[in-house]
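Numbered per full-length UniProt numbering, the sequence shown spans residues 1 to 406. Even for Gly, the Cβ is constructed at its ideal location relative to N, Cα and C. Report on the structure given below.
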Amino acid sequence: MTVKNAMPGVRQEAGSADTTFASTPASPGQSFSSPGQAGAARTWRSMLVDGPTTMARPSTFTACLVGHGTVGSLYSGILATMGAEIGTVEPDPTRSASRLPGWSSIEELPAERTFDVWVVSTPTDKHLSTLSAILRRDPRARVLLEKPACRAGELDHLSDLLRAHPHACVAVMDQYLHAAALFELARMRERYAPDEKIRRVRVAFSKDRRPDMARGRFIDRDHGIFGYEWLHMIAALRNFVPAADLTDYLAGPLAAGSLCTAMDSDLFATAALERTTVGDTEIELFSTVVGDASDDQVERPAWTREFPVAVGERQRLVRLETASCTFTVELEPLGSIAGQSGGRNLHRITADIAGEPQHLVISDSPFGNAVHHLIAQLHESTVHKPDLLPLRRIATLADSLSLHAS
Numbered sequence: 001m002t003v004k005n006a007m008p009g010v011r012q013e014a015g016s017a018d019t020t021f022a023s024t025p026a027s028p029g030q031s032f033s034s035p036g037q038a039g040a041a042r043t044w045r046s047m048l049v050d051g052p053t054t055m056a057r058p059s060t061f062t063a064c065l066v067g068h069g070t071v072g073s074l075y076s077g078i079l080a081t082m083g084a085e086i087g088t089v090e091p092d093p094t095r096s097a098s099r100l101p102g103w104s105s106i107e108e109l110p111a112e113r114t115f116d117v118w119v120v121s122t123p124t125d126k127h128l129s130t131l132s133a134i135l136r137r138d139p140r141a142r143v144l145l146e147k148p149a150c151r152a153g154e155l156d157h158l159s160d161l162l163r164a165h166p167h168a169c170v171a172v173m174d175q176y177l178h179a180a181a182l183f184e185l186a187r188m189r190e191r192y193a194p195d196e197k198i199r200r201v202r203v204a205f206s207k208d209r210r211p212d213m214a215r216g217r218f219i220d221r222d223h224g225i226f227g228y229e230w231l232h233m234i235a236a237l238r239n240f241v242p243a244a245d246l247t248d249y250l251a252g253p254l255a256a257g258s259l260c261t262a263m264d265s266d267l268f269a270t271a272a273l274e275r276t277t278v279g280d281t282e283i284e285l286f287s288t289v290v291g292d293a294s295d296d297q298v299e300r301p302a303w304t305r306e307f308p309v310a311v312g313e314r315q316r317l318v319r320l321e322t323a324s325c326t327f328t329v330e331l332e333p334l335g336s337i338a339g340q341s342g343g344r345n346l347h348r349i350t351a352d353i354a355g356e357p358q359h360l361v362i363s364d365s366p367f368g369n370a371v372h373h374l375i376a377q378l379h380e381s382t383v384h385k386p387d388l389l390p391l392r393r394i395a396t397l398a399d400s401l402s403l404h405a406s
């Protein structure tokens, strides 16, 4: 069944009819069946969902992309679809985009060249110096920083820099605040367990980053494991934990005995598992950057093994548990399921509703959503400053390991 007349902001569900799962990604409004692990039919429904509200943005604007590596290329593609006139600053000539105007440094930019928005996607250890150079050039600059905003020991310097430039507007990338799959997860809990509190939130973001590191990708030896996916996992918590409770958690000390980590002489910390209580909700956060190689020090939570991993041992899971229901979202990239092909920007939700299973596939780009939202926010007349509490939290976690090691 094809959804017709789908309007922005309107959610329309597929009909109840099932068909054989196709070899191509699901189209919105279709439902498919594929074999379950025990041989029973597993139905996956594709849905159009209302994701985060899209803010109005300027029809044309200029953007300077500082850093044109792997992440910078993603920004470049999305900015182009938004109609931006893009310039790049990239010191490495092998990474420069030949089709775009480019310079090797901010200082090399012509004095008369101005930009509506700056996007900083350099390695983390260059973020603060890059932001400083931008604000020296334009004290009222609108800047989007890739996460984490700075190194662990630079937080106070970043705060001082922002205070010294009260008219600047700075945002930090936080894509999972804009994930339609997480919004749908919250809606399902409200729909099927409206009178039940969320007992537990579990988040697990894993990948074996060693091949990327061997090819020259940035290694975060300040934050270790906490500098890669931990901020994303905190963003996921914001959808399900009361704001006041989460603020207390982020600003508070590390609870004794709540953190288990895998240490490495070169990579600092390669895996971590935190189990604690935030308000009335039990929280479990797990991440590894070396795949299962960290299992001898920090074993992957057993529930994560119910779900397949993608290439490179990539897995991004968020699970809610109430008294009678369990809701789990597998965020892109998806591991393979027999009879179901993957695809970009596809996310799966598996729900156990009082013993009755439900399965959904959602097509959505959290990164694209976030870029659109933050660019629009940066163009508002109101001056915005970034929330640095999540960054302070991962600095606290990293510091606890450094102090323990010393």
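Put residue i into one of helix, strand or coil per three-state DSSP.
i	result
A204	strand
A269	strand
L109	coil
L401	helix
E356	strand
H223	coil
G343	coil
A164	helix
E274	strand
M263	strand
L331	strand
V170	strand
V383	coil
A323	coil
L285	strand
G102	strand
A256	coil
A186	helix
A370	helix
G36	Because G36 sits at a pLDDT of 38, beneath the cut-off of 50, its placement in the model cannot be relied upon, and the following sentence gives the value as read from the coordinates. Three-state DSSP puts G36 in coil, outside helix and strand.
Excluding the five sequence neighbours on either side, which residues of its own chain have a C-beta within less than 8 Å of the C-beta of residue i, listed in chain order?
i	result
T70	R217
L374	L144, A171, M173
Which partner residues of residue i appear in the DSSP bridge assignment?
i	result
W118	C64, V143
E85	T62
V290	D208
Q315	S206
C150	Answer is none; C150 lacks a bridge partner.
S363	L346
A351	F327, Q358
A235	A235 pairs with nothing; no bridge assigned.
A310	R314
Counting only the same chain and skipping the five closest in sequence on each side, list residues whose C-beta sits under 6 Å from that of residue i.
i	result
D174	A235
D245	V278, G279
A204	F286, T304, L317
C64	G87, F115, W118
V309	Q315, G335
P253	none
V298	C260, A262, A271, L273
T288	S206, A271, S294
G67	S121, T122
residue 468	In the structure displayed, the chain extends from 1 to 406; residue 468 sits before or after that span and is not available.
I219	M213
So, for residue i: in the same chain, excluding its five sequence neighbours on each side, which residues have a beta-carbon less than 7 Å away from its beta-carbon?
i	result
D264	T270
H157	L128
S324	A193, E196, A354
R140	H167, A168
L378	V117, R142, L144, C169, A171
Does residue i pass the burial test, meaning 16 or more other C-beta atoms within 10 Å, or should it be called exposed?
i	result
E356	exposed
D248	exposed
D92	exposed
L389	exposed
G224	buried
S76	buried
A181	buried
L397	buried
V383	exposed
Between the C-alpha atoms of residue i and residue j, what's the straight-line distance to the nearest angstrom?
i	j	result
A149	R191	36 Å
I362	G72	26 Å
S336	D292	18 Å
P386	A171	5 Å
T130	W103	14 Å
F268	D222	8 Å
F226	Q358	33 Å
M82	L177	20 Å
A133	I106	7 Å
A41	D364	Model confidence at A41 stands at a pLDDT of 41, short of 50, so the residue's coordinates are unreliable and nothing is read from them.
residue 412	T62	Any question about residue 412 goes unanswered here, given that the chain covers just 1 to 406.
E108	F183	43 Å
I78	V241	30 Å
C256	D160	Before going further, note that residue 256 is Ala rather than Cys in the sequence given. Distance between the alpha carbons of A256 and D160 is about 31 Å.
V290	P333	17 Å
L331	T350	11 Å
L391	D125	14 Å
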